[in-house]
Amino acid sequence: MTASNLSNFPQIWELLKKEYPDPQPALHFKTPLELLVATILSAQSTDVQVNKVTRELFKKYRSVFDYADADISELEKDIYSTGFYRNKAKHLQQSARVISEEFDGEVPSTMEDLLKLPGVARKTANIVLARGFGVKAGIAVDTHVKRLATRLGFTENKDPVKIEKDLMELVDRNEWDDFSLTLILHGRNVCFARKPACGQCVVHHLCPSSIV
DNA sequence: CTCCCGATAT
DNA sequence: ATATCAGGAG
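Numbering (the working numbering), first residue to last: 110 to 321.
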C-alpha cells in the first residue's frame, strides 16, 4: 500500500527549493547536439563518468556528420566506459543520420521530432528541450525523480510516463525543469536509493517514507 | 518482461 | 558479491 501525500506537496516543494536554489545540470555541454549526446550516454551511468568521456568525445566529433560517418567500432571504443556501449554507439550514429537526413543537420526542438530519434524517449527529449531550447514540454523522469516522487507520495504509478503526467499536474509549468533537477540533487545528496539519510533530510517530517 | 554493460560504492 | 547510475528498445 503506497502512501499518498498530495496535500503535503506544496510544503515539500517549497522546502526543497530553499535547499537547492538555482539547481544546475551536472552534465557538461555547450550545444544542443552535445546535450543530446551526453544525455543518451547518461543512461545507467553517472554524470561524472559521462563528463569524463565527453571531454574527449566532443573534440573528436563536432557535428552530426562526424557521428553519422564514424566507424562504429571506433565510436564504441570512444564511449566504452559509460556502459551499454554497443547500444549507445548505434543510437548515436542512427540518431545522427536521422538528424542529418531529415532535419537538415540540426537537432530538432520539438518533442514529436526528438522522439523519432533512436535511443531518445521522453526523459532524454525533455532534458534536451528544457536545457537545450528552453521548451517546457514535460518533466524528465529519471531513476531519481521516479524514486523520490514515489517515496514522497507524489504518485502511485510505476510507469515513468504516468509518473510524468502526475507530476505535470502537480508542479507549476515554469518550474518543471527545476523540479527534475532538484529531485535529482536531493536523490544524489540525501535520499539515496539504498540507504536514504532521512536524518539529514529537510522534508523528512512531511515524507510518508521517512524512517526517522 | 528481458536485454544491454562498465564503473563505482557498499 | 551486489546494488546502483540524468534509460530505451525489442
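Even glycine gets a Cβ: it sits at the ideal position worked out from N, Cα and C.
### Task
Could you tell me which of E284, T155, F174, G243 sits nearest to L125, measuring between CA atoms?
E284
### Distance between G241 and G262 (C-alpha atoms, nearest Å)
If you take the alpha carbons of G262 and G241, they lie about 30 angstroms apart.
### Task
Rounded to whole angstroms, what's the CA-CA distance from A135 to D156? Just pull it up for me.
Taking the straight line joining both Cα atoms gives about 6 angstroms.
### For L223, the three-state DSSP class (helix, strand or coil)
helix
### Query
Counting Cβ pairs closer than 8 angstroms, one from the segment 185–202 and one from the segment 114–124, do we hit at least three?
no
### Query
Nearest to L279 by CA position, among H295, G296, R297, A258, is which residue?
A258
### Message
Classify D281: buried if its beta carbon has 16 or more other beta carbons within 10 angstroms, exposed otherwise.
### Response
exposed
#### Entry: E210 versus D222: straight-line alpha-carbon distance, rounded
13 angstroms
### Query
By Cβ distance below 8 angstroms, which residues in the same chain neighbour I181 in space, the five residues on each side in sequence not counted?
Only residues of its own chain outside the window of five on either side were considered, and among them A198, K199, Q202 have a CB closer than 8 angstroms to the CB of I181, listed in chain order.
### For R206 and V311, the rounded distance between their alpha carbons
46 angstroms
### Cβ pair E273, G247 closer than 8 angstroms
Remark: C-beta atoms of E273 and G247 approach each other more closely than 8 angstroms.
### Task
Could you give the DSSP three-state label for Q153: helix, strand or coil?
coil
### Query
Hey, how far is the Cα of P227 from the Cα of H314?
The alpha-carbon atoms of P227 and H314 are separated by roughly 42 angstroms.
### Query
Quick one: Cα of K168 to Cα of V321, how far?
So the two alpha carbons sit approximately 48 angstroms from each other.
### Task
Please name the residue in F212, L166, I208 whose C-alpha comes closest to that of T191.
L166
### Message
Residues in the same chain with beta-carbon distance under 6 angstroms from T291, minus the five sequence neighbours each way, listed in chain order, please.
### Response
L125, Y129, P132
### Message
Taking the alpha helix (DSSP H) that D275 belongs to, which residues open and close that run?
### Response
269–279
### Query
What does a CB cutoff of less than 7 angstroms around I121 pick up in its chain, not counting 5 residues either side in sequence?
L261, V312, L315
### Task
Give me the Cα-Cα distance between A234 and S151, rounded to the nearest whole angstrom.
13 angstroms
### Task
Would you give the residue range spanned by the alpha helix (DSSP H) that P119 belongs to?
Unbroken alpha helix (DSSP H) run through P119: 118–128.
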